[in-house]
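> For the sequence shown, UniProt numbering begins at 1 and goes up steadily by one. This is the structure I have questions about; it appears just below.
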Amino acid sequence: MAKNIRDIAKSAGVSVTTVSKVINNKPYVSPKTRARVEQIIRDEQFIPNHTARGLVKGKSKTIGMFLTTGLTHPFFSKVLVGLENALKNTGFDLLYLVQIDWNPEYSLVQHCMSRNVEGVLIFGFQKNDLNFEEIIQSDIPTIFIDLDFIGPHAGYVTSENIESIKTAVQYLYKLHHHKIAFVNGHLDSYVGKQRFEGYRRAIQELGLLYFPEYISFGDFTKESGYTAMTAFLQLKDRPTAVVCSSDMIALGVMEAAVEAGLSIPQDLSVIGFDDIEISQHTQPALTTIQQDFLTLGDQSILLLNDMINMPNSPPPALIVPTKFIIRNSCAICSQVVND
1 MAKNIRDIAK SAGVSVTTVS KVINNKPYVS PKTRARVEQI IRDEQFIPNH
51 TARGLVKGKS KTIGMFLTTG LTHPFFSKVL VGLENALKNT GFDLLYLVQI
101 DWNPEYSLVQ HCMSRNVEGV LIFGFQKNDL NFEEIIQSDI PTIFIDLDFI
151 GPHAGYVTSE NIESIKTAVQ YLYKLHHHKI AFVNGHLDSY VGKQRFEGYR
201 RAIQELGLLY FPEYISFGDF TKESGYTAMT AFLQLKDRPT AVVCSSDMIA
251 LGVMEAAVEA GLSIPQDLSV IGFDDIEISQ HTQPALTTIQ QDFLTLGDQS
301 ILLLNDMINM PNSPPPALIV PTKFIIRNSC AICSQVVND
């Protein structure tokens, strides 16, 4: 029995590339050679992962999903639930393609071809993590989650980020806050840039002063929020409110503030982003921007399914609405504002 594609190539007297083309139903292989390779594959009972059904039916009914490692943030697990729910209605299996050591030379296209997937989801990456151009320009149907890439067969799904942050800043302004800080995640991430743009526009439209020292960039973790708030506390004129790019950041901001003797929301108002479960149980409960995790996951699968079944359809660019959830972590500013 053949153990790998090289064994098949040796038995057929062809190159590994030719065998790969046969397995993945690619052109430029003569009918005679294709028939010989397929016969050897059957005789050797060679099954390269989910390719068996592909050899019989021409389709693998498998979707690949590239994930970064360390997906411990609750956001990812919530979206995965939506993905898995939608899969039940498509007939596709989901093949997790987790790669630990990413490098610029890594080929997403070759990985997809070797696994014979019909489409691919890419989730949890920053724009510069890999060279995505190859797969964007390929004929492999691809959906990016929270990356705004568009190609002939590539589209994306994301939440409404700019208007969501604007809503948060406007809400604080109505509570008479004029010194509003912003703690962001990675600025090189798509959502990081979008949320910062929302903050910048809101400050400008409301006619508030822009204080660079009120801006902090890090990641989307609690530790990042704690570090940012610790720095804000050292300022002579500290902010009276903080908008955060994730609930986890907000938890860190609140912890640092309370440790410093501040009361929330009397001394400091805080707003998060995500509405993960713990945000309802903080003391006080966290006002936040609720992402529709299930719809993000669900629509990613359904749109990819459409792209696979209707290859000439235009690539999607879906922005999922959010909801502003008011709880108890914000209050009217206690400081006198001099306009």
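Beta carbons: idealized from backbone N, C-alpha and C, even for Gly.
Using DSSP with H/G/I as helix, E/B as strand and the rest coil, what is Ala231?
Three-state result, Ala231: helix.
> Out of Lys21, Pro74 and Val183, which has the shortest C-alpha to C-alpha gap to Arg115?
Lys21
> In the DSSP assignment, what residue or residues form a beta bridge with Thr142?
According to DSSP, which records beta bridges pairwise, Thr142 is partnered with Val120 and Ala154.
> Where Ile8 and Cys112 are concerned, what is the direct C-alpha to C-alpha distance, given to the nearest angstrom?
19 angstroms
> Strictly by DSSP, which residues pair up with Gln290?
Asp274 and Lys323
> Suppose the cutoff is 7 angstroms on Cβ atoms and the five residues either side in sequence are ignored; what does the same chain contact list for Phe125 look like?
If we look at Phe125 and ignore the five residues flanking it on each side, its Cβ neighbours are Thr68 and Leu147.
> How long is the line joining the alpha carbons of Leu175 and Phe211, rounded to whole angstroms?
19 angstroms
> Answer yes if the region 245-260 comes into contact with the region 269-276, meaning at least three C-beta pairs across the two stretches below 8 angstroms, and no otherwise.
yes
> Where in the region 160-194 do unbroken runs of the alpha helix (DSSP H), each at least 4 residues long, occur, reported from the N-terminal end onward?
162-174
> Between which two residues does the beta strand (DSSP E) containing Ala241 stretch?
Here the beta strand (DSSP E) through Ala241 covers Ala241 to Cys244.
> For Thr18, which three-state DSSP category applies?
helix
> If Pro141 and Gly119 are in contact, beta carbons under 8 angstroms, what's the gap, nearest whole angstrom?
4 angstroms
> Would you check if the region 121-135 and the region 161-170 touch, i.e. whether three or more CB-CB distances between them fall below 8 angstroms?
no
> Within 10 angstroms of the Cβ of Asp43, are there 16 or more other Cβ atoms? Answer buried if so, exposed if not.
exposed
> Say whether the region 283-291 touches the region 209-228, bearing in mind that this needs 3 or more beta-carbon pairs closer than 8 angstroms, one atom from each stretch.
no
> Within 10 angstroms of its Cβ, does Gln299 collect 16 or more other Cβ (buried), or is it exposed?
buried
> Report all residues from its chain with a CB closer than 7 angstroms to the CB of Glu255; omit the five preceding and five following residues, and keep chain order.
Tyr226
> Ile100: buried (16+ other C-beta within 10 angstroms of its C-beta) or exposed?
At Ile100 the pLDDT is 47, less than 50, meaning the model places this residue with poor confidence; the figure from the coordinates comes in the next sentence. Ile100 is exposed by the Cβ-count criterion.
> Ignore the nearest five residues each way along the sequence and tell me which others in Lys323's own chain have a CB closer than 7 angstroms to its CB.
Gln290
> For the beta strand (DSSP E) that Ser216 lies in, which residues bound it at each end?
Ile215 to Phe217 is the extent of the beta strand (DSSP E) around Ser216.
> Determine which residues share a DSSP beta bridge with Tyr28 and list them.
None, per the DSSP bridge assignment.
> What residue from Ile162, Ser224 and Leu206 has the CA that sits closest to Gly198's CA?
In this structure, Ile162 is the residue among Ile162, Ser224 and Leu206 with its C-alpha nearest to the C-alpha of Gly198.
> Could you tell me how far apart the beta carbons of Thr287 and Ile325 are, in whole angstroms, since I believe they sit closer than 8 angstroms?
7 angstroms
> Have a look at the DSSP bridge pairing and note the partners of Leu318.
Val157
> Checking the sheet assignment: what are the DSSP bridge partners for Thr62?
Asp93
> What do you reckon, are the CB atoms on Ala86 and Ile301 nearer than 8 angstroms?
The answer is yes: Cβ separation under 8 angstroms.
> With a threshold of 7 angstroms, establish whether the CB of Thr68 neighbours any heavy atom of the ligand MN.
In the structure shown, the ligand MN is absent, as is every other ligand, since no ligand is present at all.
> Checking 8 angstroms against the spacing of the C-beta atoms, do Leu294 and Val81 come in under that value?
yes
> Which word fits Ser15, buried or exposed, when buried means at least 16 other C-beta atoms lie within 10 angstroms of its C-beta?
exposed
> Taking only the alpha-carbon atoms, compute the straight-line gap between Ser11 and Glu160 and give it to the nearest angstrom.
Going by C-alpha positions, Ser11 is about 54 angstroms away from Glu160.
> State the start and end residues of the unbroken alpha helix (DSSP H) segment that holds Cys112.
Leu108 to Arg115
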